[in-house]
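**Student:** Here it is: the structure, laid out below.
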Amino acid sequence: MRGTCRGCVLAVLIWLATSQLGHAQLVQEMIQIPVAVKDRFGKEVARDMVVTVFVEESTPKPRPILLIGHGRAPNARGRASMGRAVYSVNARWFAQLGFLVAVPTRIGYGVTGGDDVEETGDCSRKDYPPAYAAAAQQTLRALEVLRLRSDTLKDRAVIVGQSFGGATAISVAAQNPPGVQATINFAGGGGGNPETSPQNPCSPWALNQMFADYGKTARIPTLWIYTENDMYFGPRLPRQWFDAYRQSGGIGDYMLYPPVGNSGHGFFTMAPELWRPRVLEFLQAHGYPHLQTAAAAPEVQQAGASAAEPKE
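Residue numbers (this note's numbering): 1 to 312.
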């Protein structure tokens, strides 16, 4: 990796919100973390990755860390216009539970920019593992730097991801990083395009093999969450990926929810009230038994670069 974190994590206070009930304060910061990763051709790309951090100041310090990985738009224009990934509603909920929540905008996306290190090749012969390895490396780099803060626990962390970020959470689990108690995969996968090939992602067999390989080494508890009307991956393929993962030795629970909206792929942001009880139960069972749902927090106003809720 490029350099150390001294002087490279520049916190910029974005907004301070005070609840009308009590003195709850939700603070959002934007920091920069230097990362260097390789694409599938072995080319190294170095960049300052923008990471949005949420903290509920009324929660006890030091806090465990929870990282949320964003998805991947099917086209370059969507990736470039993503702005800054935040998932602010769900980040706020996890912060209320007592986590320091971080949402990296990875290399090749939005305000971080740079080469597309997560490109996976032609649809008929996708090469997925290098892309998820690059995303996982950036996730773990963010975790490494955040653990240097005085307000974080060094051995308590959870990785969450949506779509491409969900599969990245499983890639992280396969590496068994110390101090990570659990990972949660929302609609994880790759190569999907609901407009050109609904419920029929590119090279699904390659994803099946990738998840099977992850299961050979992963020993961290995982939760996989999908919907019946996911227009990127459909209801059948994700279950096959999970079964391949489990049969290879991976540890996990699988949840398939009924249809949500026109496409349940965005379930993470579309209907959090449906999945939150199951996620809370999962976290309580895997390292966080004392978590309790808090009262609603105030909205957090965004400033600076535009913030996004990417779905794929």
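Positions of the beta carbon are idealized from the N, C-alpha and C atoms, including for glycine.
Computed from a predicted model, the values in this text were never measured in an experiment.
#1: Rounded to whole angstroms, what is the Cα-Cα separation between Pro258 and Ala285?
#2: Using beta-carbon positions only, say whether Thr269 and Tyr109 come within less than 8 Å of one another.
#3: Nearest by alpha-carbon distance to Pro58: which of Val50, Ala73, Arg92, Pro74 is it?
#4: Is Pro201 buried or exposed, if buried means 16 or more other CB atoms sit within 10 Å of its CB?
#5: Quick one: measure Cβ to Cβ for Ile220 and Ile251, integer angstroms, because I've assumed they're closer than 8 Å.
#6: Reducing DSSP to helix, strand and coil, say where Met270 ends up.
#7: Identify every residue that forms a DSSP beta bridge with Ile107.
#8: First and last residue of the beta strand (DSSP E) that includes Glu56?
#9: Report all residues from its chain with a CB closer than 6 Å to the CB of Gln292; omit the five preceding and five following residues, and keep chain order.
#10: Is there contact here, the region 142-162 with the region 119-132, by at least three beta-carbon pairs under 8 Å?
#11: Helix, strand or coil: how does DSSP classify Val260 here?
#12: Helix, strand or coil: which one does DSSP assign to Asp253?
#13: Given this structure, state the Cα-to-Cα distance separating Phe211 from Tyr245, to the nearest angstrom.
#14: Using 8 Å as the threshold, is the C-beta distance between Asp151 and Leu100 below it?
#15: For a test of the three-state rule: what should DSSP assign to Val300, helix, strand or coil?
#16: Cβ atoms of Pro235 and Leu256: under 8 Å apart, would you say?
#17: Output the distance between the C-alpha atoms of Arg63 and Val55, rounded to the nearest integer angstrom.
**Tutor:** In this structure, then:
#1: About 24 Å.
#2: Cβ atoms of Thr269 and Tyr109: not closer than 8 Å.
#3: Going by the sequence as given, residue 58 is Ser instead of Pro. With distances taken between Cα atoms, Ser58 lies closest to Arg92.
#4: When all chains shown are included, Pro201 counts as buried.
#5: About 7 Å; that satisfies the 8 Å criterion.
#6: In the three-state reduction of the DSSP assignment, Met270 falls in the helix class, which pools H, G and I.
#7: In the DSSP output, where bridge partners are listed per residue, Ile107 has none listed.
#8: Per DSSP, the unbroken beta strand (DSSP E) holding Glu56 starts and ends at 44-56.
#9: The beta carbon of Gln292 is closer than 6 Å to none in its chain, skipping five residues each way along the sequence.
#10: Contact between the region 142-162 and the region 119-132 is absent, because fewer than three Cβ pairs lie under 8 Å.
#11: In the structure shown, Val260 adopts coil according to DSSP, grouped into three states.
#12: The answer is strand: DSSP assigns Asp253 an E or B state.
#13: Straight-line Cα distance between these residues: approximately 5 Å.
#14: The answer is yes: Cβ separation under 8 Å.
#15: Here Val300 scores only 41 on pLDDT, less than 50, and its place in the model should not be relied on; the value that follows carries that caveat. In the displayed model, Val300 falls within coil according to three-state DSSP, outside both helix and strand.
#16: Yes.
#17: In a straight line, the C-alpha of Arg63 is about 9 Å away from that of Val55.
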